[in-house]
Amino acid sequence: MTKTSQRGEGSNKPEQLPPLVSVGMPVRNEDRFLEESLHSLLAQDYVNLEIIISDNASTDRTAAICRTFSTRDRRVHYHRFDTNHGAAENFKRVVTLAQGKYFMWAAGHDLWSPNLVSECVRQLENEPDGVIAFGCCTWIDAAGRKMARSSGWIDTRGMVPSARFFSVFWGNMQPIYGVIKTGALKKVPFLSCIGTDLLILSELTLVGHFIHATTAEWKRRDFRDLESYRDRMQRYCSSQFGLSRSFLDRLFPTVRLPLEIAKIVLRSRVSWLEKVGMLLILLVSLPLRYIIGRQERIDRVSSNNN
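Numbering (the working numbering), first residue to last: 4 to 309.
Structural data, given as structure tokens:
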């Protein structure tokens, strides 16, 4: 894609556009914050952007809002499922439709600094071994006020693949909403199970580096009632969410996760000695991560109730 430069009178020299970035927004009943989120994306200072909205059979004003934006701005492309296909399928669909060199998932209730896409692309263009670049995460409430809650970050440059893998394993899942190399992402299997974000990041961390773009900001909105661990698992296992489709998945929601993580290690390109070491560490780390994650959820709910 090219455009004509306007630098000199009578000049017809083409100016090359930067790489296309596809922003995938999977939504379902997001009318409360959707307009604000779309305005935030359209205010990005990056010039070569497409926004792909996949509406998972919304029953509120989401469809009307999306159609209005797609009519007003050619960068916005609206697609809709007539029946609920589940969140996992909706997240996968926007990746399938993406045409850009880079891809970013965007929630229909979050906000972004105007330089987030441009800064993340700049980082990836300057780092051939990078696979994801992501900004600083700031938590906001329903009114857009900054919350005391904070999230750590990971920059894996300088790490060997196994170190990258475990830094993501023990970290948070925030990089999943960063700018990702589309080619690498489309090679990752999308499984409908709990922990899909961890599986995707685990695959990608064995492909390349995760880069922290410190001058860019992603505002993640926390507006839902705080769930207990049990309620959260029940929501993930529901037909509305679509992460646990088999009887075994519903009965034991997290049973597939360690098996799929082990498969990622086994099919990675690291040496067999490194694979054996990673699998041995996982034997101890997986139960411990489950226990810690569950206790953190219990502590948050208890703190909120008090």
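Even glycine gets a Cβ: it sits at the ideal position worked out from N, Cα and C.
For residue i and residue j, what's the separation of their Cα atoms in angstroms?
i, j, result
"Thr5", "Leu20", "Per-residue confidence for Thr5 stands at a pLDDT of 39, beneath the threshold of 50, marking its modelled position as unreliable; no derived number is given."
"Lys104", "Phe169", "27 angstroms"
"Pro164", "Phe213", "11 angstroms"
"Phe84", "Ser40", "21 angstroms"
"Val79", "Trp275", "46 angstroms"
"Tyr81", "Arg64", "14 angstroms"
"Arg272", "Phe226", "41 angstroms"
"Pro22", "Arg125", "10 angstroms"
"Ser43", "Leu282", "42 angstroms"
"Asn129", "Arg70", "37 angstroms"
"Arg224", "Ile143", "5 angstroms"
"Lys184", "Gln102", "11 angstroms"
"Leu262", "Leu289", "10 angstroms"
"Leu286", "Leu260", "13 angstroms"
"Arg77", "Ile284", "49 angstroms"
"Ala136", "Asp34", "28 angstroms"
"Ala219", "Gln177", "14 angstroms"
"Ala109", "Met162", "28 angstroms"
"Cys123", "Asn175", "19 angstroms"
"Lys278", "Arg270", "9 angstroms"
"Phe36", "Lys266", "38 angstroms"
"Ser153", "Leu100", "33 angstroms"
Can you tell which of the options has the C-alpha that lies nearest to the C-alpha of residue i?
i, options, result
"Gly198", "Pro29, Leu209, Val258", "Val258"
"Lys149", "Thr141, Ser195, Trp156", "Thr141"
"Thr196", "Ala66, Leu37, Lys95, Ile54", "Inspection of the sequence shows that residue 196 is occupied by Cys rather than by Thr. The shortest C-alpha separation from Cys196 is found at Lys95."
"Asp113", "Gly27, Lys184, Val273", "Gly27"
"Val171", "Arg70, Lys190, Asp200", "Asp200"
"Leu127", "Arg160, Ala91, Lys190, Phe226", "Arg160"
"Phe72", "Val134, Glu18, Glu38", "Glu38"
"Asp75", "Ser57, Asn93, Leu45", "In the sequence as displayed, the identity of residue 75 is Arg instead of Asp. The shortest C-alpha separation from Arg75 is found at Leu45."
"Asp132", "Asp158, Arg152, Ala151, Phe36", "Asp158"
"Ala66", "Ser153, Asn32, Gly296", "Asn32"
"Thr217", "Glu18, Phe106, Ser121", "Ser121"
"Met107", "Leu286, Arg224, Lys189", "Lys189"
"Gly181", "Ser153, His215, Arg152, Ala166", "His215"
"Leu194", "Phe36, Asp34, Glu92", "Glu92"
"Glu18", "Phe36, Val50, Lys278, Asp34", "Val50"
For residue i and residue j, which I take to be in contact (beta-carbon distance under 8 angstroms), what is that distance rounded to the nearest angstrom?
i, j, result
"Leu207", "Ile264", "Incorrect: roughly 13 angstroms between the Cβ atoms, too far for contact."
"Val30", "Ser61", "7 angstroms"
"Ser25", "Ile68", "Ser25 to Ile68, Cβ: 20 angstroms. No contact."
"Gly138", "Leu119", "5 angstroms"
"Val268", "Gly211", "Incorrect: roughly 16 angstroms between the Cβ atoms, too far for contact."
"Ile179", "Leu209", "Incorrect: roughly 15 angstroms between the Cβ atoms, too far for contact."
By the 10 Å Cβ neighbour count, where 16 or more other Cβ atoms means buried, how is residue i classified, buried or exposed?
i, result
"Gly155", "exposed"
"Gly186", "exposed"
"Trp221", "buried"
"Ile294", "exposed"
"Pro192", "exposed"
"Asp48", "exposed"
"Ala146", "exposed"
"Gly111", "buried"
"Phe255", "Because the pLDDT of Phe255 is 47, which lies under 50, any placement of that residue in the model is unreliable, and the number read from its coordinates should be weighed accordingly. With fewer than 16 other Cβ atoms within 10 Å, it is exposed."
"Trp173", "exposed"
"Asp58", "buried"
"Gln298", "exposed"
"Leu52", "buried"
"Ser116", "buried"
"Gly296", "exposed"
"Arg167", "buried"
"Ala151", "exposed"
"Leu291", "exposed"
Could you tell me if the beta carbon of residue i falls within a distance shorter than 7 angstroms of some heavy atom in the ligand SAM?
i, result
"Leu37", "As for the ligand SAM, it is missing from this structure, which has no ligand bound."
Quick check on the DSSP output: what are the complete beta strand (DSSP E) runs of length 3 or more inside the region 133-178, in order along the chain? 133-143
Ignoring anything shorter than 3 residues, give me the beta strand (DSSP E) runs that lie fully in the region 36-81, in order along the chain. 52-59
Report the residue ranges of all alpha helix (DSSP H) runs contained in full by the region 191-236; include only those spanning at least 4 residues, in chain order. 199-208
Jot down the residue ranges of each uninterrupted beta strand (DSSP E) in the region 93-136, minimum 3 residues, whole runs only, in chain order. 105-108
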